[in-house]
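According to the numbering used here, the sequence shown is numbered sequentially starting from 4.
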Amino acid sequence: MNNKLYGIFAILVIGLCAFAQNDGTKEDTPYTGPRGVAALNDACATPEVITAMGPTAVIDTTGHTDEIGDPDPACSCCGLGWNGTTWYTFTPTLDGLISIDVCAATYDTTMEVYTGTCGAFTPVACNDDDCGLQSGLTMPVLAGTTYTICVGDWASGPGGGDLSVNLSGDDVFAAVAADVPTMSSYALYGFIALFAVAGLIFLRRKS
Ligand SMILES: [Ca+2]
Ligand SMILES: [Ca+2]
């Protein structure tokens, strides 16, 4: 092979490498260009608190960024992490099996659920692509445990878009029935009291 052929071969190899690097997958480099206005739950410390099943209000996450201490998701395809994190928490009042999804999001998401607190999380469940490029997962939850949901933008560039988190499955926020005595309970208490009084009168007369 002469020098000319070596040159052509080298150009082809470099071209293929460049194509492989730009195959539409995200480079894990934080976007630093213009963004929209961030919602309050851009930061882990100020999550939106979910208190009911169903979808949350749609927000625009195009202004969202990564913050210092944001975790790396365990399930993001190709180990490319995420950008533009958005945070939610919920605390079930009942045990149950629920599904959490962001299928209505208009961008490529990765989602991870944690217990613990910001900077000291324990991962519980994670998903990248469940409904198209959007994320969804099903997991058991325990009453009284606070779960934190982080939704990140897998794609590079300005990123973000419309986001709503949907909780379905068991209603883990259903009101716990209060232990209020019923009429039949009152009647039972009345009979017990009546027998007690009658017994006391009987014993007193006998003595
Ligand atoms: Ca964020
Ligand atoms: Ca995804």
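For glycine and all other residues, C-beta sits at the position ideal for the given N, C-alpha and C.
Being a predicted model, the structure only gives us computed values, none of them experimental.
From A46, T92, V40, residue whose alpha carbon lies closest to that of T149: The closest CA to that of T149, considering only A46, T92, V40, is found on T92.
Which residues have a Cβ closer than 6 Å to any heavy atom of ligand 2, listed in chain order? Answer in sequence order: D111, T112, T113, D131, D132, L136, S138, W157.
Count the other CB atoms, across all protein chains shown, that sit within 10 Å of the CB of G164; report buried if there are 16 or more and exposed otherwise. It is buried - the Cβ of G164 has at least 16 other Cβ atoms within 10 Å.
Is the beta carbon of E70 within less than 7 Å of some heavy atom of ligand 1? For ligand 1, a non-hydrogen atom lies closer than 7 Å to the CB of E70.
Cβ-Cβ distance between S171 and I62 below 8 Å: Not in contact: S171 and I62 (Cβ atoms no closer than 8 Å).
I need the straight-line Cα distance from G84 to D174, nearest angstrom please. Cα atoms of G84 and D174: separation of roughly 32 Å, rounded to the nearest angstrom.
With 16 as the cutoff for other CB atoms within 10 Å, does T115 come out buried or exposed? The amino acid occupying residue 115 in the given sequence is Glu; Thr does not appear at that position. Buried.
Helix, strand or coil at F124 according to DSSP, with G and I counted as helix: In the three-state reduction of the DSSP assignment, F124 falls in the strand class.
Taking all protein chains shown into account, decide if I53 is buried (16 or more other Cβ within 10 angstroms of its Cβ) or exposed. The Cβ neighbour count for I53, taken over all protein chains shown within 10 Å, is at least 16; the residue is labelled buried.
Contact defined as beta carbons within less than 8 Å: I believe A146 pairs with L197. What is the distance between those atoms, to the nearest angstrom? With 8 Å as the limit, A146 and L197 do not qualify as a contact, their Cβ atoms being about 40 Å apart.
Could you please give me the residues that DSSP links to M56 through a beta bridge? The partner list for M56 (beta bridge, DSSP) is empty, contrary to what the question assumes.
Assuming P58 and A107 form a contact by the criterion Cβ under 8 Å, report the distance between their Cβ atoms to the nearest whole angstrom. Sure, about 7 Å apart at Cβ, within 8 Å.
In whole angstroms, what separates the C-alpha of E30 from that of W157? With a pLDDT of 43 at E30, under the threshold of 50, the modelled position of that residue is not reliable, and no figure is offered here.
Of all the beta strand (DSSP E) runs that stay within the bounds of the region 64-124, which reach a length of 3 or more residues? For the region 64-124, whole beta strand (DSSP E) runs of length 3 or above, ordered along the chain, are 86-93, 99-104, 112-120.
M4 to G139 span [Cα, whole Å]: Bear in mind that a pLDDT of 49 at M4, under 50, signals an unreliable position, so the number given afterwards is only what the model happens to contain. In a straight line, the C-alpha of M4 is about 54 Å away from that of G139.
Tell me whether A42 is buried or exposed, calling it buried when 16 or more other Cβ atoms sit within 10 Å of its Cβ. Buried, because 16 or more other Cβ atoms sit within 10 Å of the Cβ of A42.
Bridge partner(s) assigned by DSSP for N169: Its beta-bridge partners are P58, D104.
Determine, using beta carbons only, whether C78 and C129 come nearer to each other than 8 Å. Contact flag set, yes.
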